[in-house]
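**Q** Residue numbers (the numbering used here), protein chains in the order written: chain A, 1 to 493; chain B, 1001 to 1493.
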Amino acid sequence: MTPFGTLREIRDAVQSGARRAVDVCEASLATIESRDPALHAFNTVVRDRALARAAAIDRHPSRSTLPLAGVPVAVKDNICTSGVRTTASSKILETFVPPYDATVVQRLEAAGAIIVGKANCDEFAMGSSTETSAFGPTMNPWDTTKIPGGTSGGSAVAVAAGMTPLALGSDTGGSIRQPAALCGIVGLKPTYGRVSRYGLLAHASSLDQIGPMTRTVDDAAIALSVLAGHDAADATSARAAVADYASALTADTASLTIGIPRTLIDTGVDPEVGKAFYAALDVLSGHGATVIDIDLPHAGAAIPVYYLVSTAEASSNLARYDGVRFGYRAPSEAAGPGGRMQDDLKAMYGRTRARGFGPEVKRRIMLGTYVLSAGYYDAYYLKAQKVRTLIRRDYEQAFARVDVVAMPTSPTAAFTLGEKLSDPLQMYLADIFTVSANLSGLPAISVPCGFTTSQLPIGLQLTGRLFDEATILQAAHVYERHTSWWTHHPPSR
Amino acid sequence: MAASTAAPLPQYEAVIGLEIHAQLQTASKIFCGCSTAFGAPPNSHVCPVCLGFPGALPVLNGAAVDFAICAGLALGCRINESSVFARKNYFYPDLPKGYQISQYELPIAVDGAVEFTMPSDSAQGRHVRVGITRAHMEEDAGKSLHEGFTDSDRKTYVDYNRSGVPLIEIVTEPDLRSAADAAEFFTRLRALLVWLGVNDGNMEEGSLRCDANVSIRLRGNPTLGTKAEVKNLNSFRFLQKAIEYEIERQTDLLEEGGRVVQETRLWDAAAGVTVSMRSKEEAHDYRYFPEPDLPRVHADPARVDRIRVAMPELPPVRRQRFVADYRLPDYDATQLTESRAMSEYFEAAVHAGAPAKAVSNWMMGDLARVLKERRLDIACSPVPAARLAGLLSLIERGTISGAIAKTVFETMVATGRTADDIVKAEGLTQIDDESAIVGLIQGVLDANADAVAAYRGGKTTTFGFLVGQVMKQAAGKANPKRVNELLKRALDS
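Now the structure itself:
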């Protein structure tokens, strides 16, 4: 079997006993061993733990009904795994081992999935390229001189390179969808509140959402049914009913209305991406969809609003990394005559956070602190919240006419490592098509829709109504059936 | 500077507002399931949520909201149907998340008032009304332990058992004009909160704390002077003394041509002075913003009504009822409604058949003395209400005299036996029998011929002496009324 078996194939084989979970796990670990030195998708690989759990699945009395029986999974390193180091790719948490599992981890493991390791990401999920990781960047398997996107770059690469058929990502402004697009896989950001955030290291609490990254739409649907659902430990998790999303993916045509915000797309999208995008719409309209133009008048403000709201929340969320109770603490400094310890609390905080956080995290903490400061709160934070409401209304109005909003996931294909690292504003613009789904809480999926002439993947993004993951999965699935992009795999060297 | 006198110079007027933190009497913390019990070993009532671990999320304890609503109603406040939690951001080791979850712009309760009459020498006390600006919910912080360890010269330890304990902060309008009024208000407020069962009133354990905002101005001047906030006022006496000191200090400053600076001051109980803690310039910018991890708190009218209906009768209402129903003097009714336990004890004794005024007398007399000696709350009285009623019924029926009742009461306290038991076992039943009393009288008259002669000669004051002699012969058990009658008859015959 190739390393590119789908989640469904693996699950079915383990359920029926055709393959042992231990063998599936060994194969996954072997691919990681051969591919990861060049790609660096993982911060931590848990070989022994994974094999022990796989063996337990092989002995599991209800193995034949486990929805993710024996499915190897990469978990983004900002999601807590009990007993397994969880770093958020930050030096400040380099040695942090949580004593508890995130709710999604519990659900995955209860469903029979095998966690093989923790995937690299941008530090505290801040970035668009996985280059801000304190442990070094992840490389795009289609071209290792290119970034994989971010912040869930390690998760995307684990799936794209055939290491695991499933990875968990988190998406605050596009962090599942953009790396999925740039690595040629499927990435789904569910509706805000659809999947529990308990155990996800918060970046921006009102925007963060965990979701699956897979090679097929069907696989994403299977995973979503496992992950989704109300969690008493997350007060923002919704009580909305969870469907069996995969079983609903039967139609061959998508008789729905797709809206495209043409003015937004046509300004500043790479021509090759634009071409692939419009070709994808032709496929959909060839199979039942009606495509109409829509207007999202406030979409242009999405990036500034996003960076005000997300940095404000982040500045507060990251205050707990203070060196007092867990994680990195800068060593005390001897000072003064006789080497007497002259260490006060402020100095300890200052040194710990100066050395523990990387430059992008510090930049955002400073921005967010400023945004919330006395005298600036109304002008920045409050105003941003008002514009956020307008952006949400734009979508509400659009969804009165259409079932799905389509955009390219990213304005460009993968860029070169280091290219934008020193230009934060350019980096932030990579999120132009993705942030509004977070600001309005809407579900959105990215599916592969072609390649550039230099063989870099391009993604199509479909955004749906609140809690209507079923419709975007359906549309993405119809598109996937009538195209073969998803069958392309990156070169193995 | 000496702060010896309580009153400011007559041309000045003090303006005082209080901020009271009261722990809500829930079994578990406000955002997690940890116990709120006081006195456990350090860091034994903690979990990822109240330790602010990465990925942990708060979930609101509904019981804390109910208590806050109950307190709000008793303070005459309007309960906001929708209220909002906010983050108050600052760094301190005992604040695990780097922010305190509190309420800011939309607190649960607003616009109330507490009214009371200042006790005074004159029959008519002075009426005081203190507006309640707001009452909001928040979580307590942990406790920094700076002393008591062998390495306390170098280290501070932190106990997080208190972290996440639910509080309400009650903020008054600047309606108080003297330290005595402030202390009386705080006394009333404490009694009210304890009465409601919202707070245990224990200031030593820190479940009730008070800060005071104090300023002075020229009498008649409508604008407020610059205030100082005085912290650490954890007893009624400290509150009063600190305010007196502060009024004196500010008066002296103004009199010397100086001005008051806005600052936070700490009460130093040992030295009896307030000392500057931080100036306005050093004050934190708390960067409040709505807590994105928690939805709005809904206190719909049905919920508020349910709490209102379940609330105990409040002290002023009960006081009036005691006067009306039991024909108690106003003084008695006021004393008996100082605590809910006391008023309940009173009613229980009356319902058990004892005369109301007698119960009141005993509660304020012998029972109060015993409780004070033994430092017991009335709820733990060694003589429960029904048993006190039993004793009083024996007096009422004439089975024992009032004097004997006092001895019986002491035995009840010491042994826990019923009055009936003691009276029977020790043969204390009152001697009513005429022939027995006449026999005793005859013996006394025979033995005291001089006194008899004196009485008959017109020196009627010897009558009392003769009564005493008869009672002595009867070991106090003779019915005093009968002794009087029969002795008089014997002497006058």
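Glycine residues also receive a C-beta, built at the ideal position from the N, C-alpha and C atoms.
#1: Just to confirm, is the Cβ distance from GLY153 of chain A to THR138 of chain A under 7 Å?
#2: Does DSSP put ALA444 of chain A in a helix, in a strand, or in coil?
#3: Hey, would you say TRP1267 of chain B sits closer than 7 Å to VAL1317 of chain B, going by beta carbons?
#4: Would SER155 of chain A pass as an interface residue toward chain B - the criterion being a Cβ-Cβ separation below 7 Å?
#5: If you draw a straight line from the C-alpha of PRO212 of chain A to the C-alpha of GLY169 of chain A, how long is it?
#6: If contacts are defined as beta-carbon pairs under 8 Å, then LEU1196 of chain B and CYS1210 of chain B qualify, I think. What distance do you get, rounded to the angstrom?
#7: Within the same chain, show all residues whose beta-carbon is closer than 8 Å to that of LYS1155 of chain B, passing over the 5 residues directly before and after it, in chain order.
#8: Measuring CB to CB, does ALA1071 of chain B end up less than 7 Å from THR1026 of chain B?
#9: Can you tell me the Cβ-Cβ gap for PRO475 of chain A and LEU284 of chain A, rounded? I've got them flagged as a contact below 8 Å.
#10: So, helix, strand or coil for CYS1070 of chain B, using DSSP?
#11: Can you give me, in chain order, the residues of the segment 1273 to 1295 of chain B that have a beta carbon less than 9 Å from any beta carbon in chain A?
#12: Tell me which residues of the segment 1054 to 1076 of chain B have at least one Cβ-Cβ distance to chain A shorter than 8 Å, keeping chain order.
#13: Assuming contact is defined by CB atoms lying nearer than 7 Å, are VAL1470 of chain B and ILE1441 of chain B in contact in what I supplied?
#14: Mind checking who PRO449 of chain A pairs with in its DSSP beta bridge?
#15: Within 7 Å of any Cβ in chain B, is that where the Cβ of ARG481 of chain A sits?
#16: Please tell me whether PHE1149 of chain B has its Cβ less than 7 Å away from any Cβ of chain A.
#17: Going by alpha carbons, who is nearest to ARG53 of chain A out of A:LEU108, A:ALA13, A:LEU188, A:LEU39?
#18: How would you label VAL1261 of chain B, buried or exposed, when you count the other beta carbons within 10 angstroms and need 16 or more for buried?
#19: Which residues of the segment 68 to 89 of chain A have a Cβ closer than 9 Å to any Cβ of chain B? Give them in chain order.
#20: In the DSSP assignment, the alpha helix (DSSP H) including ASN1361 of chain B goes from what residue to what residue?
#21: How about the segment 1049 to 1069 of chain B and the segment 277 to 294 of chain A: do they share at least three Cβ pairs that are nearer than 8 Å?
#22: By the 7 Å beta-carbon criterion, what residues does the segment 304 to 325 of chain A contribute toward chain B?
#23: Buried or exposed: ASN1213 of chain B, going by 16 or more other Cβ atoms within 10 Å of its Cβ?
#24: Report the rounded CA-to-CA distance for LEU224 of chain A versus PRO179 of chain A, giving the unit in angstroms.
#25: Based on DSSP bridge pairs, tell me the residues matched to TRP1267 of chain B.
#26: I need the DSSP call for VAL1444 of chain B, collapsed to helix, strand or coil.
#27: Helix, strand or coil for SER1163 of chain B? Go by DSSP, reduced to three states.
#28: Strictly by DSSP, which residues pair up with LEU1196 of chain B?
#29: Give the single residue among A:THR191, A:GLN209, A:GLY459 whose Cα lies nearest to the Cα of ALA240 of chain A.
#30: Which bits of chain A does ARG1219 of chain B rub up against, with CB to CB less than 9 Å?
#31: Suppose the cutoff is 6 Å on Cβ atoms and the five residues either side in sequence are ignored; what does the same chain contact list for GLY1353 of chain B look like?
#32: Residues bridged to VAL1297 of chain B by DSSP?
#33: Using CA coordinates, which residue listed in A:THR412, A:THR6, A:SER62, A:PHE42 is at the minimum distance from GLY17 of chain A?
#34: Over what stretch of residues does the alpha helix (DSSP H) that includes CYS80 of chain A continue unbroken?
#35: Quick one: is ASN1089 of chain B near chain A, going by C-beta distance under 7 Å?
#36: Under 9 Å, CB to CB, which of the residues in the segment 179 to 197 of chain A have a partner in chain B?
**A** Concretely, from the data shown:
#1: Cβ distance < 7 Å, so GLY153 of chain A and THR138 of chain A count as in contact.
#2: strand
#3: no
#4: Not one beta carbon of chain B lies nearer than 7 Å to the beta carbon of SER155 of chain A.
#5: 6 Å
#6: Wrong, their Cβ atoms sit about 18 Å apart, outside the cutoff.
#7: PHE1149
#8: It is not a contact, given that the beta carbons lie outside the stated cut-off.
#9: First, the residue type needs correcting, since residue 475 of chain A is Ala and not Pro in the sequence shown. ALA475 of chain A to LEU284 of chain A, Cβ: 7 Å. Contact.
#10: helix
#11: ASP1285, TYR1286, ARG1287, TYR1288, PHE1289, PRO1290, GLU1291, PRO1292, ASP1293, LEU1294, PRO1295
#12: PRO1054, GLY1055, ALA1056, LEU1057, PRO1058, VAL1059, LEU1060
#13: yes
#14: This sequence places Cys at residue 449 of chain A; Pro is not what is there. CYS449 of chain A is not bridged to any residue.
#15: So no, ARG481 of chain A is outside the interface.
#16: no
#17: Relative to the Cα of ARG53 of chain A, the nearest Cα in the group A:LEU108, A:ALA13, A:LEU188, A:LEU39 belongs to A:LEU108.
#18: exposed
#19: Along the segment 68 to 89 of chain A, the positions whose C-beta sits under 9 Å from a C-beta of chain B are ASN78, ILE79, CYS80, THR86, ALA88, read in chain order.
#20: 1356 to 1362
#21: no
#22: ALA312, GLU313, SER316, ALA319, ARG320, ASP322, VAL324, ARG325
#23: buried
#24: 18 Å
#25: B:THR1274
#26: Helix at VAL1444 of chain B.
#27: coil
#28: According to DSSP, which records beta bridges pairwise, LEU1196 of chain B is partnered with nothing at all.
#29: A:THR191
#30: Ordered by position in chain A, no residue passes the 9 Å Cβ test against ARG1219 of chain B, which lies about 34 Å from the chain.
#31: So the list reads ALA1389, SER1393, once near-sequence residues are dropped.
#32: Looking at the DSSP output, VAL1297 of chain B sits in a beta bridge with B:SER1083.
#33: A:SER62
#34: Taken as a continuous stretch (DSSP letters only), CYS80 of chain A belongs to no alpha helix (DSSP H), as it is neither H nor E.
#35: yes
#36: SER196, ARG197
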